[in-house]
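Novice: Let me give you the structure first, and then I'll get to my questions.
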Amino acid sequence: MKDTLKIADKIFSSRLFAGTGKFGDHQMMEKALLASETELVTVALKRVEHSQPAEDALLAHLAPGRIHLLPNTSGVRNAREAVFAAQLAREALQTNWLKLEIHPDPKYLMPDPIETLAAAEQLVKLGFVVLPYCHADPVLCKRLEEAGVAAVMPLGAPIGSNKGLVMEEMLRIIIDQSAIPVVIDAGIGAPSHAARAMELGADAVLVNTAMATAGDPVAIAEAFNWAVKAGRQAFVAGLPGQQVTAAATSPLTAFLDL
Amino acid sequence: MFIPLFNQYDWIKELESIYRTTAEDVRRALARRQRTLADFKALIAPAAAPFLEQMAWLSQQATQKRFGKTIQLFAPLYLSNECQNICTYCGFSLDNQIPRKTLTATELIQELFAVKAMGYQHVLLVTGEAQQWVGMPYFRQMLPLVRQHFQHIALEVQPLDETDYAELRSLGVNTVLVYQETYHRGDYRKHHPKGKKANFDYRLACPDRIGRAGMHKIGVGALLGLDDWRADSFFTAMHLQYLEKTYWQSKFSVSFPRLRPHAGGLQPKSVMTDRELVQLICAWRLFNNEVELSISTRESPRFRDNIIKLGITSISAGSKTNPGGYAVAPQSLEQFEIDDTRDPAVIAQVIRDAGYEPVWKDWDHALQL
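Protein sequence lines, in the order shown, are assigned to chains A and B.
Residues 1 to 258 (UniProt numbering) are what the first sequence spells out, left to right.
Residues 1 to 369 (UniProt numbering) are what the second sequence spells out, left to right.
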């Protein structure tokens, strides 16, 4: 059976989601995204220009049909703004999918858990397929799940930091508890980080900065594609653990022999 | 809902896959940091038997890490032996000609004092299934009395509706135990031919109703031996895994009632040895580090003394399984035969001698609003 990922009504063959920012130019972005084989890319609503000539516009470079768009609410600071931005995105991009991100803090861009939960509850009721970007907080992720989001997107490390899975212990709990897909977002700075996330059992990863700002974005995008596949295959196959040797001095089960 | 998930599985297929387990599968399961249902299957398989000592050691480590060196003590208080069900294995079955009794409020108070006098601050209330004697009106009348004397109330009664569980919670109930007996649909029907209990699906969906009502703790289990204990344990583990994910704010416990061969009674379909029960307990612990594992006085003193260190977190002591058994009518008929008849004080000493702390109270009803 083919190993696919289902989120809401869509089925994905690739478990690598990508961003569209920071690439420098749209041609480079397009090549890198093709090399990554990604099928879902997030687009900041604030970046979508409608006045530009069609061939230059960001959207023209996103292989229509094969790549699905995931508009995000980057830039909003509270639930009210997020709901408004979501409605704009639905109009502009003709999709009810939404990456919900609310960061009131412009320095570290930390997601606001309270506003995110409140916005998620409203957006689900408005018929959106909500994928919230959030802290690697297991309770928050369960609360978002109960609110009806389609997947959770906890961060691996501060966004743009390329630090990898510094939240690994929390991510393990989230993956273990979650009844919906878990997409590790933010902080993945190298293909090895992406592979690690997949080995832990994450359903997908979202990579942007590490791909867009690499010396050769196309080559790195391809490397991420391999890494995600390798990590996923290892998870499905079942990783061997570390050998444990029992060193009991007095056998615990000797009473059964008497 | 658990039922759609459950219906995707086939008993025979799962049973066969358990028996196909190899030593290599067991080694792999033992080596893992976080174990899956497939690992649990490997650990309860016959192929894991040679690894028992290693499993026991790992189980001990994992249990101490989570629970410390503590063992909870508990005692069941039977409110009634009235029952409208026929269950082939139960002393209270409708077709058994026994004197029936339901405690009155006055009798209940006497029993509560007797249980309290043994040192307990929590109590497990047990009944058969007989709506007219021990339905919600009876619980509404009796629970306030229990709450006056105990910090924590657990209930092991007939499956109820979600609204009932929500009401029971407001009456001070903290824990509800409901055992599926067997996850084998066909054999379940054979063993429960009459009464409300004959409805397999209503019982199977019961932990969902308890969870939705927001109960703090939910207990699950199978009557081991009624069918193949390995397959039943696998389905119990699957059930627990589903419940944990869905009702993530509840705690869970698993019990290991074992059907013993005895003259005149129902003979188990699969006889579970002591060694196998230890294997099962350790497999549970290795599969789930957080679940409470409980053992009753059905087991022998020697077995219980040794199992304390191997993964169990709570044991009953001084149990009477007849309504009025502690003070009102000590001679009446028991639901099942008790093997370990030692007083709770003696059991507490056994626990201390093993280097563990006996815990008599682990909840305060002031915390439950």
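From the three backbone atoms N, C-alpha and C, an ideal C-beta is built for every residue, glycine too.
Helix, strand or coil: how does DSSP classify residue 133 of chain A here?
Specialist: Strand at residue 133 of chain A.
Novice: Within a Cβ cutoff of 6 Å, which residues of the same chain sit near residue 364 of chain B, ignoring the five residues on either side of it in sequence?
Specialist: Excluding residues within five positions, the ones whose Cβ falls inside 6 Å are 151.
Novice: Does any residue of chain A bring its CB to less than 8 Å from the CB of residue 309 of chain B?
Specialist: It does: the Cβ of residue 309 of chain B has a partner Cβ on chain A nearer than 8 Å.
Novice: For residue 104 of chain A, count neighbouring C-beta atoms within 10 Å of its own C-beta (all shown protein chains included) and say buried if the count is 16 or more, exposed if not.
Specialist: So residue 104 of chain A counts as exposed.
Novice: Return no unless some Cβ of chain B is closer than 8 Å to the Cβ of residue 142 of chain A.
Specialist: Closer than 8 Å: yes.
Novice: Should the region 11-23 of chain B be regarded as contacting the region 251-271 of chain B, the criterion being three or more beta carbon pairs within less than 8 Å?
Specialist: With the cut-off at 8 Å, the region 11-23 of chain B and the region 251-271 of chain B do not touch.
Novice: Any idea what DSSP makes of residue 219 of chain B, helix, strand or coil?
Specialist: Looking at residue 219 of chain B - three-state DSSP - the assignment turns out to be strand.
Novice: Using a beta-carbon distance below 8 Å, is residue 177 of chain A in contact with chain B?
Specialist: Cβ-Cβ to chain B under 8 Å: yes for residue 177 of chain A.
Novice: Provide the residue span of the alpha helix (DSSP H) that contains residue 5 of chain A, from first to last.
Specialist: Note, residue 5 of chain A: premise wrong, no alpha helix (DSSP H); beta strand (DSSP E) at 5-7.
Novice: Does the pairing of the region 212-221 of chain B with the region 160-174 of chain B give three or more beta-carbon distances under 8 Å?
Specialist: Result yes; three or more Cβ-Cβ pairs closer than 8 Å.
Novice: Taking the alpha carbon of residue 62 of chain B as the point to measure from, which residue in B:43, B:180, B:310 has its own alpha carbon closest?
Specialist: Answer by Cα proximity: B:310.
Novice: Hey, does residue 8 of chain B have any beta-carbon neighbour from chain A nearer than 8 Å?
Specialist: Output row for residue 8 of chain B: interface = no.
Novice: Looking at residue 67 of chain A: is its Cβ nearer than 8 Å to the Cβ of residue 181 of chain A?
Specialist: No. Outside cutoff.
Novice: Give the straight-line distance between the Cα atoms of residue 75 of chain B and residue 74 of chain A, rounded to the nearest whole angstrom.
Specialist: One C-alpha to the other measures close to 57 Å.
Novice: Starting from the Cα of residue 154 of chain B, find the closest Cα among B:135, B:133, B:127 and give me that residue.
Specialist: Checked all of B:135, B:133, B:127; the closest Cα to residue 154 of chain B is B:127.
Novice: Determine the direct distance from the alpha carbon of residue 167 of chain B to that of residue 131 of chain B, and round the result to whole angstroms.
Specialist: Distance between the alpha carbons of residue 131 of chain B and residue 167 of chain B: 16 Å.
Novice: Going by the CB atoms, is the gap between residue 336 of chain B and residue 298 of chain B shorter than 8 Å?
Specialist: Closer than 8 Å, so yes.
Novice: Using the beta-carbon of each residue, which ones in chain B are nearer than 7 Å to residue 113 of chain A?
Specialist: Simply none; closest approach about 17 Å.
Novice: Just the Cα atoms here: how many angstroms apart are residue 72 of chain A and residue 170 of chain A?
Specialist: The alpha-carbon atoms of residue 72 of chain A and residue 170 of chain A are separated by roughly 24 Å.
Novice: Which residue from B:41, B:139, B:327 puts its Cα closest to that of residue 280 of chain B?
Specialist: Taking only the C-alpha atoms, the option nearest residue 280 of chain B is B:41.
Novice: So which residues on chain A does residue 52 of chain B lean against when the C-beta distance must stay under 7 Å?
Specialist: Those within 7 Å of residue 52 of chain B in chain A are 253.
Novice: Can you pull the chain B neighbours of residue 191 of chain A, defined as C-beta to C-beta under 8 Å?
Specialist: The contacting residues do not exist; residue 191 of chain A stays about 23 Å from chain B at best.
Novice: Quick one: Cα of residue 38 of chain B to Cα of residue 104 of chain B, how far?
Specialist: Near 48 Å, if we compare the C-alpha coordinates of residue 104 of chain B and residue 38 of chain B.
Novice: Can you tell which of A:198, A:77, A:33 has its C-alpha closest to the C-alpha of residue 59 of chain A?
Specialist: With distances taken between Cα atoms, residue 59 of chain A lies closest to A:33.
Novice: Strictly below 7 Å CB to CB, what residues from chain B border residue 256 of chain A?
Specialist: Simply 274, 275, 278.
Novice: When you compare the CB positions of residue 300 of chain B and residue 314 of chain B, do they come within less than 8 Å of one another, or not?
Specialist: Against a cut-off of 8 Å, the Cβ pair of residue 314 of chain B and residue 300 of chain B comes out as no contact.
Novice: Does any residue of chain B have a CB that is nearer than 8 Å to the CB of residue 71 of chain A?
Specialist: Not an interface residue.
Novice: Any beta carbon from chain A within less than 8 Å of residue 56 of chain B's own beta carbon?
Specialist: At least one chain A Cβ lies under 8 Å of residue 56 of chain B.
Novice: Quickly, what does DSSP pair residue 258 of chain B with across the bridge? List them, please.
Specialist: Bridge partners of residue 258 of chain B: B:224.
Novice: Taking only beta-carbon positions, decide if residue 34 of chain B is within less than 8 Å of chain A.
Specialist: Yes, residue 34 of chain B counts as interfacial toward chain A.
Novice: Output yes if chain B places a C-beta closer than 8 Å to the C-beta of residue 132 of chain A; else output no.
Specialist: For residue 132 of chain A, the answer is no, since every Cβ of chain B falls outside 8 Å of its Cβ.
Novice: In terms of residues, what are the limits of the alpha helix (DSSP H) holding residue 346 of chain B?
Specialist: First-last of the alpha helix (DSSP H) with residue 346 of chain B: 344-353.
Novice: Taking residue 378 of chain B as part of the alpha helix (DSSP H), name the residues at either end of that continuous run.
Specialist: Since the first and last residues shown for chain B are 1 and 369, residue 378 of chain B lies out of range.
Novice: Scan the region 159-211 of chain A and note each continuous alpha helix (DSSP H) run of 4 residues or more that stays entirely inside, going in chain order.
Specialist: As far as the region 159-211 of chain A is concerned, its whole alpha helix (DSSP H) runs of at least 4 residues are 168-177, 191-200.
Novice: Give the range of the alpha helix (DSSP H) segment to which residue 44 of chain A is assigned.
Specialist: Element bounds for residue 44 of chain A: not the alpha helix (DSSP H) but the beta strand (DSSP E), 40-44.
Novice: If you draw a straight line from the alpha carbon of residue 319 of chain B to that of residue 352 of chain B, how long is it in whole angstroms?
Specialist: Roughly 20 Å separates the two Cα atoms.
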